[in-house]
Amino acid sequence: MKLFSAHRAPSPRRVLMFMAEKAISGIEIVNVDLNSGEHRTADYRAKSPLSKVPALQLDDGRVLTETRAICTWLEGRWPEPNLMGVDADERAFIEMADRRVELYLMTGMANCIRHTHPGLAALEQPQFADFGRSQGEKVRETARWFDAWLQQRPWMAGDRFTIADITAFCAVEFARLMKFVPGEEGLHALQAWRDRVAERPSAKVV
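Under the working numbering, the residue at position 55 of the sequence shown is numbered 50, and the numbers go up by one with no gaps.
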(Lines of atoms letter the chains of each structure in order from A and count residues from 1; the text may use other names and numbers.)
(Lines give C-alpha, C1' and ligand atoms only; values in the text may rest on other atoms or scores of the structure.)
Protein backbone atom coordinates (compact mmCIF):
# COMPACT_ATOMS: atom_id res chain seq x y z
CA MET A 1 0.00 0.00 0.00
CA LYS A 2 1.00 3.59 -0.57
CA LEU A 3 -0.15 6.76 1.16
CA PHE A 4 0.27 9.84 -1.01
CA SER A 5 0.92 12.64 1.44
CA ALA A 6 2.23 16.21 1.43
CA HIS A 7 4.70 17.65 3.88
CA ARG A 8 3.02 19.88 6.51
CA ALA A 9 -0.42 19.89 4.83
CA PRO A 10 -3.10 19.44 7.52
CA SER A 11 -5.24 16.71 5.92
CA PRO A 12 -2.35 14.32 5.21
CA ARG A 13 -1.08 15.02 8.71
CA ARG A 14 -4.42 13.83 10.10
CA VAL A 15 -3.92 10.44 8.45
CA LEU A 16 -0.28 10.23 9.56
CA MET A 17 -1.28 10.98 13.16
CA PHE A 18 -4.07 8.41 12.95
CA MET A 19 -1.59 5.81 11.72
CA ALA A 20 0.92 6.74 14.42
CA GLU A 21 -1.69 6.35 17.17
CA LYS A 22 -2.35 2.83 15.90
CA ALA A 23 1.35 2.07 15.31
CA ILE A 24 0.56 1.13 11.71
CA SER A 25 3.61 0.21 9.65
CA GLY A 26 4.17 -1.26 6.22
CA ILE A 27 2.46 1.53 4.28
CA GLU A 28 4.84 3.39 1.98
CA ILE A 29 4.61 7.17 2.36
CA VAL A 30 4.96 9.00 -0.96
CA ASN A 31 5.38 12.76 -0.69
CA VAL A 32 3.54 14.81 -3.30
CA ASP A 33 5.19 18.18 -3.97
CA LEU A 34 2.30 20.64 -3.95
CA ASN A 35 4.48 23.67 -4.60
CA SER A 36 5.70 22.23 -7.90
CA GLY A 37 2.17 21.23 -8.90
CA GLU A 38 2.82 17.49 -8.76
CA HIS A 39 -0.75 16.96 -7.53
CA ARG A 40 -2.05 18.37 -10.82
CA THR A 41 -0.12 16.01 -13.09
CA ALA A 42 -1.94 13.42 -15.16
CA ASP A 43 -0.20 10.62 -13.28
CA TYR A 44 -1.43 11.81 -9.90
CA ARG A 45 -4.90 12.70 -11.19
CA ALA A 46 -5.26 9.10 -12.33
CA LYS A 47 -5.13 8.26 -8.62
CA SER A 48 -6.89 11.32 -7.17
CA PRO A 49 -9.11 12.90 -9.87
CA LEU A 50 -9.65 16.12 -7.88
CA SER A 51 -5.90 16.56 -7.30
CA LYS A 52 -6.24 16.24 -3.54
CA VAL A 53 -4.03 14.73 -0.86
CA PRO A 54 -4.03 12.40 0.95
CA ALA A 55 -4.77 9.35 -1.16
CA LEU A 56 -4.36 5.73 -0.09
CA GLN A 57 -3.57 3.23 -2.84
CA LEU A 58 -4.58 -0.26 -1.75
CA ASP A 59 -2.75 -3.43 -2.69
CA ASP A 60 -5.42 -4.26 -5.28
CA GLY A 61 -4.84 -0.93 -7.05
CA ARG A 62 -7.95 0.86 -5.85
CA VAL A 63 -7.43 4.34 -4.42
CA LEU A 64 -9.21 5.90 -1.47
CA THR A 65 -9.30 9.68 -1.19
CA GLU A 66 -10.81 11.92 1.51
CA THR A 67 -9.23 11.86 4.93
CA ARG A 68 -12.20 10.53 6.85
CA ALA A 69 -12.73 7.67 4.38
CA ILE A 70 -9.07 6.68 4.61
CA CYS A 71 -9.22 6.68 8.41
CA THR A 72 -12.41 4.61 8.35
CA TRP A 73 -10.65 1.99 6.22
CA LEU A 74 -7.61 1.99 8.50
CA GLU A 75 -9.81 1.66 11.58
CA GLY A 76 -11.44 -1.40 10.07
CA ARG A 77 -8.09 -2.97 9.22
CA TRP A 78 -6.39 -1.99 12.50
CA PRO A 79 -9.24 -1.67 15.02
CA GLU A 80 -7.08 -1.08 18.10
CA PRO A 81 -6.62 1.29 19.71
CA ASN A 82 -10.12 2.40 18.81
CA LEU A 83 -10.36 6.01 17.63
CA MET A 84 -13.78 6.15 15.97
CA GLY A 85 -16.18 4.46 18.38
CA VAL A 86 -16.84 0.96 19.66
CA ASP A 87 -20.58 0.84 18.92
CA ALA A 88 -23.18 2.77 16.93
CA ASP A 89 -23.89 5.16 19.78
CA GLU A 90 -20.28 6.13 20.38
CA ARG A 91 -19.45 6.20 16.66
CA ALA A 92 -22.24 8.72 16.06
CA PHE A 93 -21.11 11.10 18.79
CA ILE A 94 -17.45 10.87 17.77
CA GLU A 95 -18.39 11.54 14.15
CA MET A 96 -20.48 14.53 15.25
CA ALA A 97 -17.48 15.97 17.09
CA ASP A 98 -15.14 15.26 14.19
CA ARG A 99 -17.47 16.82 11.63
CA ARG A 100 -17.96 19.89 13.80
CA VAL A 101 -14.22 20.36 13.95
CA GLU A 102 -13.72 19.73 10.24
CA LEU A 103 -16.61 21.86 8.97
CA TYR A 104 -16.66 24.74 11.44
CA LEU A 105 -13.05 25.05 12.60
CA MET A 106 -10.66 23.54 10.06
CA THR A 107 -12.48 24.77 6.94
CA GLY A 108 -12.60 28.37 8.13
CA MET A 109 -8.95 28.31 9.11
CA ALA A 110 -7.98 26.81 5.76
CA ASN A 111 -9.98 29.43 3.87
CA CYS A 112 -8.31 32.23 5.81
CA ILE A 113 -4.83 30.87 5.20
CA ARG A 114 -5.35 29.99 1.55
CA HIS A 115 -6.60 33.45 0.73
CA THR A 116 -4.30 35.61 2.88
CA HIS A 117 -0.94 33.85 3.18
CA PRO A 118 1.52 34.85 0.44
CA GLY A 119 3.19 31.44 0.61
CA LEU A 120 0.02 29.80 -0.66
CA ALA A 121 -0.57 32.16 -3.56
CA ALA A 122 0.73 29.62 -6.05
CA LEU A 123 -1.74 27.02 -4.79
CA GLU A 124 -4.81 29.25 -4.42
CA GLN A 125 -5.47 31.30 -7.53
CA PRO A 126 -7.06 33.74 -7.37
CA GLN A 127 -6.67 34.70 -3.74
CA PHE A 128 -9.45 36.85 -2.25
CA ALA A 129 -7.90 38.63 0.71
CA ASP A 130 -11.14 40.15 2.02
CA PHE A 131 -12.80 36.73 2.04
CA GLY A 132 -9.80 35.24 3.81
CA ARG A 133 -9.82 37.93 6.49
CA SER A 134 -13.56 37.52 7.08
CA GLN A 135 -13.07 33.76 7.44
CA GLY A 136 -10.36 34.42 10.02
CA GLU A 137 -12.72 36.58 12.06
CA LYS A 138 -15.56 34.06 11.90
CA VAL A 139 -13.40 31.08 12.79
CA ARG A 140 -12.18 32.87 15.90
CA GLU A 141 -15.80 33.08 17.03
CA THR A 142 -16.09 29.34 16.44
CA ALA A 143 -12.88 28.74 18.38
CA ARG A 144 -14.45 30.47 21.37
CA TRP A 145 -17.29 27.93 21.24
CA PHE A 146 -14.78 25.07 21.21
CA ASP A 147 -12.97 26.65 24.15
CA ALA A 148 -16.21 26.66 26.14
CA TRP A 149 -16.86 23.06 25.04
CA LEU A 150 -13.47 21.97 26.36
CA GLN A 151 -14.09 23.65 29.69
CA GLN A 152 -16.66 20.89 30.31
CA ARG A 153 -14.79 17.81 29.02
CA PRO A 154 -11.16 16.72 28.49
CA TRP A 155 -11.38 15.77 24.81
CA MET A 156 -13.26 16.89 21.72
CA ALA A 157 -15.67 13.95 21.76
CA GLY A 158 -15.89 13.48 25.51
CA ASP A 159 -13.86 11.38 27.91
CA ARG A 160 -11.20 9.91 25.62
CA PHE A 161 -8.86 10.80 22.78
CA THR A 162 -10.40 10.16 19.34
CA ILE A 163 -10.12 11.07 15.69
CA ALA A 164 -11.87 14.36 16.53
CA ASP A 165 -8.84 15.42 18.57
CA ILE A 166 -6.52 14.56 15.68
CA THR A 167 -8.58 16.69 13.29
CA ALA A 168 -8.73 19.60 15.72
CA PHE A 169 -5.03 19.46 16.57
CA CYS A 170 -4.01 19.53 12.90
CA ALA A 171 -6.37 22.46 12.35
CA VAL A 172 -5.02 24.48 15.28
CA GLU A 173 -1.41 23.79 14.33
CA PHE A 174 -2.09 24.83 10.72
CA ALA A 175 -3.75 28.00 12.05
CA ARG A 176 -0.38 29.29 13.19
CA LEU A 177 -0.10 30.51 9.59
CA MET A 178 -2.97 32.90 10.35
CA LYS A 179 -1.25 33.91 13.60
CA PHE A 180 -3.81 32.07 15.73
CA VAL A 181 -2.54 30.81 19.09
CA PRO A 182 -5.45 29.99 21.43
CA GLY A 183 -3.77 31.03 24.67
CA GLU A 184 -2.81 34.42 23.26
CA GLU A 185 -6.49 35.07 22.53
CA GLY A 186 -7.74 34.07 25.97
CA LEU A 187 -8.84 30.59 24.92
CA HIS A 188 -7.12 28.80 27.78
CA ALA A 189 -9.07 25.54 27.69
CA LEU A 190 -8.38 25.16 23.98
CA GLN A 191 -4.71 25.94 24.59
CA ALA A 192 -4.45 23.43 27.44
CA TRP A 193 -6.09 20.76 25.27
CA ARG A 194 -3.71 21.57 22.40
CA ASP A 195 -0.70 21.29 24.70
CA ARG A 196 -1.82 17.87 25.96
CA VAL A 197 -2.23 16.58 22.42
CA ALA A 198 1.18 18.01 21.49
CA GLU A 199 2.77 15.74 24.11
CA ARG A 200 1.59 12.60 22.32
CA PRO A 201 4.17 10.86 20.11
CA SER A 202 1.78 10.99 17.15
CA ALA A 203 1.84 14.79 17.28
CA LYS A 204 5.52 14.74 16.31
CA VAL A 205 4.60 13.21 12.93
CA VAL A 206 4.48 15.75 10.09
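We put the beta carbon where it would ideally sit given N, CA and C, even for glycine.
Item, Value
"Based on the DSSP output, what are the partners of Ser43 in its beta bridges?", "Answer by DSSP bridge pairing: none, since Ser43 is not bridged."
"Is it the case that the Cβ atoms of Thr137 and Met151 are separated by a distance below 9 Å?", "no"
"My output table needs one value for Ile24: the three-state DSSP class, helix, strand or coil.", "strand"
"Helix, strand or coil for Gln52? Go by DSSP, reduced to three states.", "strand"
"Using DSSP with H/G/I as helix, E/B as strand and the rest coil, what is Thr102?", "helix"
"For the beta strand (DSSP E) containing Val81, list its first residue and its last residue.", "Val81 -> no beta strand (DSSP E), and no H or E assigned at all."
"For Gly131, which residues from the same chain have a beta carbon less than 6 Å from its beta carbon, with the 5 sequence-adjacent residues on both sides left out?", "Cys107, Met173"
"Using the C-alpha atoms, what's the distance from Met14 back to Ser20?", "8 Å"
"Measure the Cβ-Cβ separation of Lys42 and Ser6 and say whether it is below 9 Å.", "no"
"Would the beta-carbon of Leu51 fall within 9 Å of that of Leu(-2)?", "yes"
"Does the Cβ of Lys199 have 16 or more other Cβ atoms within 10 Å, making it buried, or fewer, making it exposed?", "exposed"
"Just the C-alpha distance for Glu194 and Val134, rounded to the nearest angstrom, thanks.", "25 Å"
"DSSP three-state label for Val58, please.", "strand"
"Assign Thr157 to buried or exposed, taking buried as 16 or more other Cβ atoms, counted over all protein chains shown, within 10 Å of its Cβ.", "buried"
"Could you check where the alpha helix (DSSP H) with Leu11 kicks off and where it finishes?", "5 to 16"
"Would DSSP call Leu(-2) helix, strand or coil?", "strand"
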